[in-house]
Structures are given as structure tokens and as C-alpha cells.
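*Asks:* The numbering of the sequence shown is our numbering, which starts it at 290 and goes up by one. C-beta atoms are modelled at their ideal positions from N, C-alpha and C, and glycine is treated no differently. All values derive from a computational prediction rather than experimental measurement.
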Amino acid sequence: MSTDTYRHERLLAALRAEYEARFPASKGAHARATTVLIDGGSHGARAFEPYPFYVREAEGAYITTLEGHRLVDFWQGHYANILGHNPGLIRDALVDSLQHGAGLQTGMFEERETEFARLLAETTGAERVRLTTAGTLATMYAIMLARGYTGRRLVVKITGGWHGANPMALKGVDRGASGFDAVDSAGVPEATADEIVVTPFNDVDTLHKIFRSLGDRIACLIFEPCLGGAGFIAASRLFMDAARQLTTQYGALLILDEVITGFRFCAGGVQRLYGVQPDLSTFGKIVGGGMPLAAVAGRAEVMAVAGKGAKNRVWFNGGTYSAHPLTLVAGQAMIAYLRDHEDTLYPALAARGAALRQGIEKVFADRGVLARCTGHPNDAIGGGSLAAIYFPRRDDMHPQSAEDMTDPRLSDVRLREEGLKLGLLLHGINVVHGLGALSTAHTDADLARVFEACDAFAKRLTA
290 MSTDTYRHER LLAALRAEYE ARFPASKGAH ARATTVLIDG GSHGARAFEP YPFYVREAEG
350 AYITTLEGHR LVDFWQGHYA NILGHNPGLI RDALVDSLQH GAGLQTGMFE ERETEFARLL
410 AETTGAERVR LTTAGTLATM YAIMLARGYT GRRLVVKITG GWHGANPMAL KGVDRGASGF
470 DAVDSAGVPE ATADEIVVTP FNDVDTLHKI FRSLGDRIAC LIFEPCLGGA GFIAASRLFM
530 DAARQLTTQY GALLILDEVI TGFRFCAGGV QRLYGVQPDL STFGKIVGGG MPLAAVAGRA
590 EVMAVAGKGA KNRVWFNGGT YSAHPLTLVA GQAMIAYLRD HEDTLYPALA ARGAALRQGI
650 EKVFADRGVL ARCTGHPNDA IGGGSLAAIY FPRRDDMHPQ SAEDMTDPRL SDVRLREEGL
710 KLGLLLHGIN VVHGLGALST AHTDADLARV FEACDAFAKR LTA
């Protein structure tokens, strides 16, 4: 064991002990949860070692734990809460709807569904929309539509790209012993896995090779314009343009998974900033206003495959709770607000995001710790409110793919995922995968708390 490894192991052990001392009520709550829930909950991304803290309330930029600790939160509902937790805009709209007889599911057609779909189409440039309840389902339906429309089977996706627990894209998500070539879950049929082709992000040459070799069999290329689970690395303009050009050339469909990026950088899809119109897009998170709402939107000709008169019909029924009245109320209020305040809201978020990233890097540098943030502007995105801290082995490392962010030879992955998480929590900051998402509720004072927490963690790293 190297000296650095030994020091980090000692630090992690100390951080775990301090965490347990600071969050005792959550320890008991989690012990009770594990007696009835697998691993104590219903989503793996919410769990961490030694156990997760439990929340009793959330408001704006803050969450309050069972112990009464008020944390500055950058997880923000899986990055969905761009206005912060429980914003008055959404809360008031929901209460008003319930008080006027529109609330629980009816299972009927309602004009509100049309109004929401029209608003989503107008802000994203899509011709047709269909709703469902989760981003996972949206990406599943999008791939089914691509296969139904093209009559082809192969799905090309990005290493590290996460499209939910969608069996048609559940390959190459996590780094394994041999890289990103493995299926990420039991229960995915071998035949399904064989129809998934994985390629590195921002690697235009490899993408060209795949299409030259398999182009006439490819139904779609699907990717996130900004890799959510792999450090918020954004697509280069060159890669985005190549994706659009190759899918068009070979008769495949381009699907942009905008579940995270939709309405995060502008009042629409980030595709607008790239000047690219995909064949299909998937949306979720922000568009639901904190409620379970997702959508597939795209070209009318492709979306028509879900219609009852289609020859090769795709059975796209969004589920019992699709177009739930309250989700539509929240979603419509959210999108309309973001559209109406686009000119001021997004520049302010981008400016605060830049201050956050630059401030974090300076704090670590002042302590002699090599740390960087993703989320800086690239050749298409002028700025944004997403960021992840990482600890590169070399000063000249500039990650462009999931391979870069997850290779322990290139950066200290464990320090980011475990040490940083606990170290910042002990100083009142909640982060996931290195940091997370800003909301309009975060203030300069909150950023100052982040810098103080990072400084305390950096001090321990160099002790």
C-alpha cells in the first residue's frame, strides 16, 4: 500500500466515524428501513456508505435531516429542482388545482394535457409529444419508436451514458474490469445486449467507424448531450454535428436524452445551443416541476408510429398515471415560468455556476491540492449550473468521456465518490458524484459555505 493510499484510508475511516457520530437518528431510521426495503430504499443513487442521512423537510437550497442539520443541497431531487426544493410557484399551483376539483387521476382526456404538450413542443421545436411518468420509460419508448420506424434493431449508445434501467440501453454504463463493454444488470436477455453497440463520448473517429461498419443495421444513436452520471461532460460541437450527419446519412434516428439537460441551460433543450434538431428527444426531471412527468417529443412522422393506425405500431401507452392532472399542473407552471424568465434566469444561473466552479478550484489550489470542476463552457454551451469536482493525477488532464472520469489511473475516483461526499457533509454540504446542480434558490452565502467546506476537506487531505 502506497503512502497516499494509506493516508486516504485513514482519512476515510475517520470521516465515517465522524459521520456516524453526527447522524445517529438517520442510522436508526436506515436500520428500520432495511427490514422492509431492499438496501433501505427505492433508488441506488440515494444510498452511500456507511448509511444515508434521512430528510424531514426541504425548502429552497436546503434540506433538514432527522438530526436537525440544515444542509445546502446540490442533489436537488436528482437535478430536477431548478427553482430549489418546494418552490412557492409550484406549491401554490398544486394547492389551487386541488381546491378546484382537479387533482387525483381521472384516466380521462383533459385539455390540460393538450396545453402542456403544446407548451413543450413550442419550447423544444418538436412536432409531436407523448407523455409518460419517468425518464427511463421515455428512453425505452424512444428506442422502440426508432426500431419501429426504421425496421432495424441496433442501438448505438455512449460509454457511461445512463438512460435509466432501460434494458435496451443498459450496457456500458459502469466501468468494469475490462472497460465499458459489459451489460450492467442481470435479467437483460443476451439477444438484447447483443443489439447494443457502445462507443466513447466525443470520439468522432470511432463513431464514423461504427456507422461505416454497421450503418444499415442501426436504428438509432442515443446519448445525453451532457453525461449526467459520468461527471457532466458535455458533447463537443464536432461530436454533435457528426452524430446528426451520420444518422441522417445512414437512415438512422438521432435521439437526444435531455432528461437532465432539458430546460437546464435554456428554456428548451440544450440541442438549441448546438443548432441541432434530433429526430426524437426525451424529457423529464425539470419539465415535471418536481412531479413524476416525462415525455418523448420529436418529428411527427416518427411519433406517428405510436398511433393506432400505424402499420408497425409501437405500443406506447404511458402508464396508468401518464398525464396525471397534478403533474401537468406542475409541469405547465414550471415550463411557462422558465420560458417567461429565460433572458434573466439562465444567465444568472450560469454566472453563479462559473463562480462556484472557479471558487472551488481556487480553494483547493490554495491548499496545494490538484482538483478541477467539470461544467465549464465549451464550444456550444456558454455556461451552466452543473458541475462535478474531480481529482486528476496530472495537471493537464481535461476529461472528454466517461473513460477519463472513471479511470483510477487518471483521477482519484474513490476520493471523489467517498471522501469528498462525507467530508463536505460534515460541513453542511450535500453533493452526489462530486457536486451536482445549482438552483435559483442558491445564494452567494451558500457558495461561501461550499468554499469553506472544500477548504476544510483540502486541509485534511494535506495534513
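Give every residue of the same chain whose Cβ lies closer than 8 Å to the Cβ of residue 477, excluding the five residues on either side of it in the sequence, and list them in chain order.
*Replies:* In the sequence shown, counting from the first residue as 1, residue 477 sits at position 188. Taken in chain order, the residues that qualify are 456, 459, 460.
*Asks:* Excluding five sequence neighbours on each side, which residues of the same chain lie with their C-beta closer than 8 Å to the C-beta of residue 352?
*Replies:* The residue labelled residue 352 in the question sits at position 63 within the sequence shown. So the qualifying residues of the chain are 344, 346, 359, 360, 362, 374, 719.
*Asks:* If you scan the region 413-480 from start to end, which runs of the beta strand (DSSP E) of 3 or more residues do you find wholly inside it?
*Replies:* Whole beta strand (DSSP E) segments, 3+ residues: 417-421, 443-447.
*Asks:* Kindly list the residues whose CB is nearer than 6 Å to the CB of residue 449, restricted to its own chain and excluding five residues on each side of it in sequence; keep chain order.
*Replies:* Start at 1 with the first residue of the sequence shown, and residue 449 comes out as number 160. Only 516, 519, 691 meet the Cβ criterion.
*Asks:* Indicate the three-state DSSP secondary structure (helix, strand or coil) for residue 336 in the structure shown.
*Replies:* Against the sequence shown, residue 336 aligns to sequence position 47. Three-state result, residue 336: coil.
*Asks:* Alpha carbon to alpha carbon, how far is residue 324 from residue 415? Give it in angstroms, no decimals.
*Replies:* Here residue 415 is taken as the residue at index 126 of the sequence shown, counted from 1. Here residue 324 is taken as the residue at index 35 of the sequence shown, counted from 1. Going from the Cα of residue 415 to the Cα of residue 324 covers about 46 Å.
*Asks:* Pick from 745, 748, 386, 318: whose alpha carbon is nearest that of residue 354?
*Replies:* Stepping through the sequence shown from its first residue, residue 354 is reached at position 65. Considering only alpha carbons, the answer is 318.
*Asks:* Tell me, please, whether the region 576-587 touches the region 418-430 by the rule of three or more beta-carbon pairs shorter than 8 Å.
*Replies:* Output reads yes: the region 418-430 touches the region 576-587.
*Asks:* In this structure, what does DSSP give as the bridge partners for residue 269?
*Replies:* The structure shown does not extend to residue 269, since the chain spans only 290 to 752, so no value can be given for it.
*Asks:* Go through its chain and collect everything with a Cβ distance to residue 675's Cβ below 6 Å, but skip five positions before and after it.
*Replies:* Looking up residue 675 in the sequence shown gives position 386. If we look at residue 675 and ignore the five residues flanking it on each side, its Cβ neighbours are 521, 664, 726.
*Asks:* Given a cut-off of 7 Å, decide if residue 628 and residue 556 are closer than it, judged by their beta-carbon atoms.
*Replies:* For the purposes of this step, residue 556 is identified with residue 267 of the sequence shown, where counting begins at 1. For the purposes of this step, residue 628 is identified with residue 339 of the sequence shown, where counting begins at 1. In this structure, residue 628 lies closer than 7 Å to residue 556 by Cβ.
*Asks:* Cutting at 7 Å between CB atoms, please list the residues of its own chain near residue 451, excluding the five before and the five after it.
*Replies:* To locate residue 451, count along the sequence shown from 1; it is residue 162. Taken in chain order, the residues that qualify are 462, 517, 518.
*Asks:* Figure out for me which residue from 365, 315, 391 has the closest Cα to the Cα of residue 612.
*Replies:* The sequence position of residue 612 within the sequence shown is 323, counting from 1. Taking only the C-alpha atoms, the option nearest residue 612 is 391.
*Asks:* Could you round the C-beta distance between residue 567 and residue 544 to whole angstroms and report it? I think they count as a contact, below 8 Å.
*Replies:* Locating residue 567 in the sequence shown gives position 278, where the first residue counts as 1. Locating residue 544 in the sequence shown gives position 255, where the first residue counts as 1. The Cβ separation is near 6 Å, so the contact holds.
*Asks:* Ordered along the chain, which non-local residues of its own chain (more than five positions away) have a Cβ less than 7 Å from that of residue 309?
*Replies:* For the purposes of this step, residue 309 is taken as the residue at position 20 of the sequence shown. Closer than 7 Å at Cβ, skipping near neighbours: 316, 339.
*Asks:* Using the Cα positions of residue 755 and residue 603, report the straight-line distance between them to the nearest angstrom.
*Replies:* The structure shown does not extend to residue 755, since the chain spans only 290 to 752, so no value can be given for it.
*Asks:* What is the DSSP secondary structure of residue 296, counted as helix, strand or coil?
*Replies:* The residue given as residue 296 occupies position 7 in the sequence shown. Residue 296 falls in the helix class under three-state DSSP.
*Asks:* Are residue 350 and residue 735 touching if we call contact CB-CB under 7 Å?
*Replies:* Against the sequence shown, residue 350 aligns to sequence position 61. Against the sequence shown, residue 735 aligns to sequence position 446. Yes; because the gap between Cβ atoms is below 7 Å, this pair is in contact.
*Asks:* Go ahead and pull the three-state DSSP assignment for residue 608.
*Replies:* As a first step, residue 608 is located in the sequence shown; it is residue number 319 there, counting from the start. Residue 608: coil per DSSP, three-state reduction.
*Asks:* Could you compute how far the alpha carbon of residue 647 sits from the alpha carbon of residue 662?
*Replies:* Here residue 647 corresponds to residue number 358 of the sequence shown, with the count starting at 1. Here residue 662 corresponds to residue number 373 of the sequence shown, with the count starting at 1. About 8 Å.
*Asks:* Just how far apart, CA to CA, sit residue 538 and residue 507?
*Replies:* Position 249 of the sequence shown holds residue 538. Position 218 of the sequence shown holds residue 507. Whole-angstrom Cα-Cα distance: 11 Å.
*Asks:* Residue 326 lies in the alpha helix (DSSP H); which residues open and close that run?
*Replies:* Residue numbering aside, residue 326 sits at position 37 when the sequence shown is read from its first letter. That residue, residue 326, is in no alpha helix (DSSP H); it is neither H nor E in DSSP.
*Asks:* Identify whether residue 290 lies in helix, strand or coil by the three-state DSSP scheme.
*Replies:* Position 1 of the sequence shown, counted from the first residue, corresponds to residue 290. Reliability of the predicted coordinates at residue 290 is poor, the pLDDT of 46 falling under 50, and the value obtained from them is presented with this limitation in mind. The answer is coil: DSSP assigns residue 290 none of H, G, I, E or B.
*Asks:* Pick helix, strand or coil for residue 591, following the three-state DSSP scheme.
*Replies:* Within the sequence shown, the letter at position 302 stands for residue 591. Note: residue 591 maps to helix in three-state DSSP.
*Asks:* Write down the C-beta distance between residue 526 and residue 742 rounded to the nearest angstrom, noting that I regard them as a contact closer than 8 Å.
*Replies:* Within the sequence shown, the letter at position 237 stands for residue 526. Within the sequence shown, the letter at position 453 stands for residue 742. Not quite, the Cβ-Cβ distance comes to about 35 Å (not below 8 Å), so this is no contact.
*Asks:* So the candidates are 703, 553, 728, 708; which of them puts its Cα closest to the Cα of residue 572?
*Replies:* Your numbering for residue 572 matches position 283 in the sequence shown. Per the Cα distances, 553.
*Asks:* Would you say residue 669 reaches chain C, if we count a Cβ-Cβ gap shorter than 7 Å as a contact?
*Replies:* Absent here is chain C; the protein component of the structure consists of one chain.
*Asks:* Check the C-beta distance from residue 715 over to residue 299 and give it rounded, since I have them as a contact under 8 Å.
*Replies:* Residue numbering aside, residue 715 sits at position 426 when the sequence shown is read from its first letter. Residue numbering aside, residue 299 sits at position 10 when the sequence shown is read from its first letter. In fact, because the Cβ distance is near 16 Å, the residues do not count as touching under 8 Å.
*Asks:* Return the CA-CA distance between residue 489 and residue 468, expressed in angstroms with no decimal places.
*Replies:* The residue given as residue 489 occupies position 200 in the sequence shown. The residue given as residue 468 occupies position 179 in the sequence shown. Spanning the two alpha carbons is a distance of roughly 11 Å.
*Asks:* How should residue 384 be labelled, buried or exposed, when 16 other C-beta atoms within 10 angstroms of its C-beta is the threshold for buried?
*Replies:* The residue you call residue 384 lines up with position 95 of the sequence shown. The residue is exposed, with fewer than 16 neighbouring Cβ atoms inside 10 Å.
*Asks:* Assuming residue 507 is part of the alpha helix (DSSP H), what are its boundary residues?
*Replies:* For this step, residue 507 is matched to residue 218 along the sequence shown. Note, residue 507: premise wrong, no alpha helix (DSSP H); beta strand (DSSP E) at 507-512.
*Asks:* Within 10 angstroms of the Cβ of residue 491, are there 16 or more other Cβ atoms? Answer buried if so, exposed if not.
*Replies:* Along the sequence shown, read from residue 1 onward, the residue named residue 491 stands at position 202. Per the 10 Å Cβ criterion, buried.
*Asks:* Which residue marks the beginning of the beta strand (DSSP E) containing residue 384, and which one marks its end?
*Replies:* Stepping through the sequence shown from its first residue, residue 384 is reached at position 95. Residue 384 -> not in any beta strand (DSSP E); alpha helix (DSSP H) instead, spanning 377-388.
*Asks:* If you compare alpha carbons, which of 534, 574, 446 is closest to residue 512?
*Replies:* Within the sequence shown, residue 512 is the residue found at index 223, counting from 1. Looking at the Cα atoms, 446 is the closest of the given residues.
*Asks:* Can you check which of these residues, 304, 615, 559, 487, is closest to residue 382 by C-alpha distance?
*Replies:* The sequence position of residue 382 within the sequence shown is 93, counting from 1. Nearest of 304, 615, 559, 487 to residue 382, Cα basis: 615.
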